[in-house]
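Enquirer: The structure under discussion is supplied below as structure tokens; questions concerning it will follow.
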Amino acid sequence: MKPFRIIIRSIRDSFKSIFRNFSLSMASVICTTITLILVALAIIVTVNVNHVTKSMEEELTVVAYVKKDVGSDEVKQIENKIKQIEGIKEVVYKSKEEWRLEMKGYSSTLEVTLDYLETNPLLDSFIVTVVDVKDLAPTAKEIRNITGIQNANYGEGMVEGIISVFDVIKNVTFAIVIALVIVTAFLISNTIKLTIFSRRNEIEIMRLVGSSNTSIKLPFIIEGFLLGIVGSLIPIIILIYGYIIAYEKLGGTVSFGLIELVKPMPFVFYTSLVLVIIGSVVGMFGSSRAVRKYLKI
Amino acid sequence: MKFIRIKNCYKVYKNGVAAIADLTLDIDKGEFVFVIGASGSGKSTLIKMLYREERPTKGIVEIGGINVAKLRNRTVYKLRRKLGIVFQDFKLLPKLTVYENVAFALECIGMKGKDIRPKVVKALDHVGLKDKLRCFPNELSGGEQQRVCIARAIVNNPKLLICDEPTGNLDAKTSKEIMTVLDAINKDLGTTIIMATHDKDIVNRMKKRVIILDNGVLAEDHAIGTYKTKEVI
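For the protein sequence lines, the chains are A and B, in the order given.
Numbered per the working numbering, the first sequence spans residues 1 to 297.
Numbered per the working numbering, the second sequence spans residues 1 to 233.
What follows is the structure, encoded as structure tokens:
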């Protein structure tokens, strides 16, 4: 029962302390709020950039052209061989007739030209999607070695460039989020240190009257947890309402419809959860670190 | 067996200052002992070693058969629950009432709420502050604040009360009142009291055992001593 009493007392004391040291508690909350707003913005940018790059990556494919003299049975065999290659996501057959119809739609000149020709000069093909876009080049190389394949293209040169740009964007945005989380941790930890500094006498008395280190730390850790949660409330509200309103106003896209935004649901809820976790964990960690100094442990 | 046993004890601080050197002394249960000496003689270091705020560099500091020098930092609280400590600067929490300040010591160790009240009232009664339960420290005189500090120190019925210059901030009349309270605690409750002080009048009037420290060394130990100003101070 004793540990239970100490926990109850710690919870009660942490609430009391928040109100007794109201101005410093507010400073911690404001500090948490500001940094978590920045974290939320960084997460929004990162997730949307990833979303855009992922959807663009999905459009990158290898087109494998089948030689003219290959029969339908052999086409089936080629398809099976392609499917056996490691890292293949999807293989879709596209006949030369489908190509002709598609190309006729590109321009009137092309339409007239294709109609003028007595025979279809195009080739039957396979549109191959890979799991990881970095596998495009080796996959194309392997497909070229299959008997009956005329050629396999994936936009050599340009694709490599796009992939490296995507990699840079992903790494930079991820680094920004991590850096902001670290900055948040430092800011919250330092503000809590101020709160604890003002209460060092209380900690000293607790030590001298025989409180165990755990029972001294516990109210401060709970306080840090509560301040972290309260500090994450405003960023969450801004995130949920701000993102939903922005999404609706922009019609779900930016840059004249070129970039599609991530749908608000369930994105805002997951991000809110991340913000609460960052706020509370950093609050607890900051308090625990700050109080250790006065425990002489 | 002696209640407090200090044997060949040394304390050298990190800056090389030797605060205590080869100190050996015993204190019986129920004794009232004054520790006196000039500033820097090692009084506060000795007091701090007793409640294990400082650890001796070498030697034994035993209280009730336990060598406190060997206690781990995270188990020191077990020792402190058996002690009462009174400070010169009172160390009261200004935002808590007199009652809450005393109850704080029991709440910190996880005592049941219903057990706390009678103990707090009894301790405050001992120091003559039963009628000031709801006052805040800033509404009390220096002597009254020190009495709250004493009540907090004795509320858990400690076997040993350690006082670090408890009258240092008080005038002669108030100091006398505080000593009356401490003497009553020693006599009525049988609590062993060790008190570091500079107050000549108190030492001379109380006629208790006096330990004189000089540069960290036990200079004199008198069963009924007086404050020696010429030789030591």
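Glycine included, each C-beta is placed from N, C-alpha and C at the ideal position.
Note that the structure is a prediction, hence the values are computed from the model and not measured.
Between R292/A and chain B, is there a C-beta pair that is closer than 8 Å?
Expert: It does not: the Cβ of R292/A has no partner Cβ on chain B nearer than 8 Å.
Enquirer: From the DSSP output, in three-state form, read off M111/B for me.
Expert: Looking at M111/B - three-state DSSP - the assignment turns out to be coil, as it is neither helix nor strand.
Enquirer: So, are the CB atoms of T184/A and V49/A less than 8 Å apart?
Expert: Contact: no.
Enquirer: Which term fits T195/A, buried or exposed, when burial requires 16 or more other beta carbons within 10 angstroms of its beta carbon?
Expert: Buried, since its Cβ has 16 or more Cβ neighbours within 10 Å.
Enquirer: Locate the beta strand (DSSP E) running through Y270/A, then write down its first and last residues.
Expert: It is not in any beta strand (DSSP E) - Y270/A instead sits in the alpha helix (DSSP H) that spans 264-295.
Enquirer: Spatial neighbours of Q77/A within its chain, please: CB distance less than 8 Å, with the 5 preceding and 5 following residues excluded, ordered by chain position.
Expert: Contacts found: G148.
Enquirer: Are the C-beta atoms of K230/B and some chain A residue less than 8 Å apart?
Expert: Interpretation of K230/B is limited by its pLDDT of 47, a score under 50 that renders its predicted location unreliable; no figure is taken from the coordinates.
Enquirer: Could you give the first and the last residue of the continuous alpha helix (DSSP H) run that contains H51/A?
Expert: Where H51/A is concerned, the enclosing alpha helix (DSSP H) stretches over 22-58.
Enquirer: If we require 4 or more residues per run, which alpha helix (DSSP H) segments fall completely within the stretch 86-168 of chain A?
Expert: DSSP runs (the alpha helix (DSSP H)) wholly in the stretch 86-168 of chain A: 96-104, 108-116, 136-144.
Enquirer: Could you give the distance in angstroms between the alpha-carbon of I277/A and the alpha-carbon of L226/A?
Expert: I277/A and L226/A: Cα-Cα distance of roughly 11 Å.
Enquirer: If you count every other CB in all the chains shown that lies within 10 Å of the CB of T253/A, and 16 or more means buried, which is it?
Expert: Exposed.
Enquirer: I'd like the span of the beta strand (DSSP E) that includes D164/B, first residue to last.
Expert: Counting along the chain, the beta strand (DSSP E) containing D164/B begins and ends at 160-164.
Enquirer: Check the Cβ-Cβ distances between I229/A and every residue of chain B, and say whether any is below 8 Å.
Expert: No, its Cβ sits nowhere closer than 8 Å to a Cβ of chain B.
Enquirer: Can a CB atom of chain B be found closer than 8 Å to the CB of E223/A?
Expert: No, E223/A lies away from the interface with chain B (no Cβ there is under 8 Å from its Cβ).
Enquirer: Assuming Y247/A and P266/A are in contact, meaning their beta carbons sit under 8 Å apart, how far apart are those beta carbons, in whole angstroms?
Expert: Actually they are not in contact, since the Cβ atoms of Y247/A and P266/A sit about 13 Å apart, beyond 8 Å.
Enquirer: Comparing the C-beta of M26/A with each C-beta of chain B, is any distance below 8 Å?
Expert: Cβ-Cβ to chain B under 8 Å: no for M26/A.
Enquirer: Between K230/B and P137/B, what straight-line distance do the alpha-carbon atoms span, to the nearest angstrom?
Expert: Model confidence at K230/B stands at a pLDDT of 47, short of 50, so the residue's coordinates are unreliable; what they give is reported in the following sentence. So the two alpha carbons sit approximately 38 Å from each other.
Enquirer: Locate the alpha helix (DSSP H) running through Y77/B, then write down its first and last residues.
Expert: Looking at the DSSP string, the run of the alpha helix (DSSP H) that includes Y77/B is 76-80.
Enquirer: By the 9 Å beta-carbon criterion, what residues does the stretch 10-24 of chain B contribute toward chain A?
Expert: Within the stretch 10-24 of chain B, no residue qualifies.
Enquirer: Thinking just about the alpha-carbon of each residue, which of T45/B, R152/B, K2/B is nearest to the one in I116/B?
Expert: With distances taken between Cα atoms, I116/B lies closest to R152/B.
Enquirer: Note down the Cα distance separating T119/A from E97/A, rounded to an integer number of angstroms.
Expert: Going from the Cα of T119/A to the Cα of E97/A covers about 11 Å.
Enquirer: May I have the straight-line CA-CA distance separating K112/B from S288/A, to the nearest angstrom?
Expert: Going by the C-alpha atoms only, they are around 26 Å apart.
Enquirer: From the DSSP output, in three-state form, read off E54/B for me.
Expert: E54/B falls in the coil class under three-state DSSP.
Enquirer: Looking at chain B, which residues of the stretch 275-291 of chain A have a Cβ within less than 7 Å of any of its Cβ atoms?
Expert: Here the close residues number zero.
Enquirer: Flag this pair as yes or no: are the beta carbons of A40/A and P235/A separated by less than 8 Å?
Expert: Yes, these two residues count as a Cβ contact at 8 Å.
Enquirer: Could you tell me whether the stretch 50-70 of chain A touches the stretch 205-218 of chain A, where touching means 3 or more Cβ pairs closer than 8 Å?
Expert: Segments in contact, no.
Enquirer: With distances taken from CA atoms, which of R199/A, G242/A, N145/A, P121/A is nearest E223/A?
Expert: Looking at the Cα atoms, R199/A is the closest of the given residues.
Enquirer: Which residues of chain A have a Cβ atom closer than 8 Å to the Cβ of R80/B, listed in chain order?
Expert: Neighbours of R80/B on chain A, chain order: R207, L208, V209, G210.
Enquirer: Just the Cα atoms here: how many angstroms apart are T271/A and A140/A?
Expert: Near 38 Å, if we compare the C-alpha coordinates of A140/A and T271/A.
Enquirer: Report buried or exposed for V33/B, applying the criterion of at least 16 other Cβ atoms within 10 angstroms of its Cβ.
Expert: That one is buried.
Enquirer: Listing by chain order, which chain A residues have their CB less than 9 Å from the CB of L161/B?
Expert: Neighbours of L161/B on chain A: none; closest Cβ ~13 Å, over 9 Å.
Enquirer: Does the stretch 123-143 of chain B come into contact with the stretch 166-175 of chain B, if we say contact requires no fewer than three beta-carbon pairs (one atom in each stretch) closer than 8 Å?
Expert: Yes, the stretch 123-143 of chain B touches the stretch 166-175 of chain B.
Enquirer: Mind reading off the beta-carbon distance from L239/A to A42/A? Whole number of angstroms is fine, and I expect it under 8 Å.
Expert: In fact, because the Cβ distance is near 12 Å, the residues do not count as touching under 8 Å.
Enquirer: From the DSSP output, in three-state form, read off R134/B for me.
Expert: DSSP places R134/B in coil when its eight states are reduced to three.
Enquirer: Any heavy atom of the ligand HEM closer than 7 Å to the beta-carbon of E118/A?
Expert: Inclusion of the ligand HEM in the displayed structure is not the case, the ligand content being empty and no account of it being possible.
Enquirer: Give a yes or no on whether the minimum CB-CB distance between S215/A and chain D is below 8 Å.
Expert: Within the model displayed, chain D is absent; protein chains A and B are what it includes.
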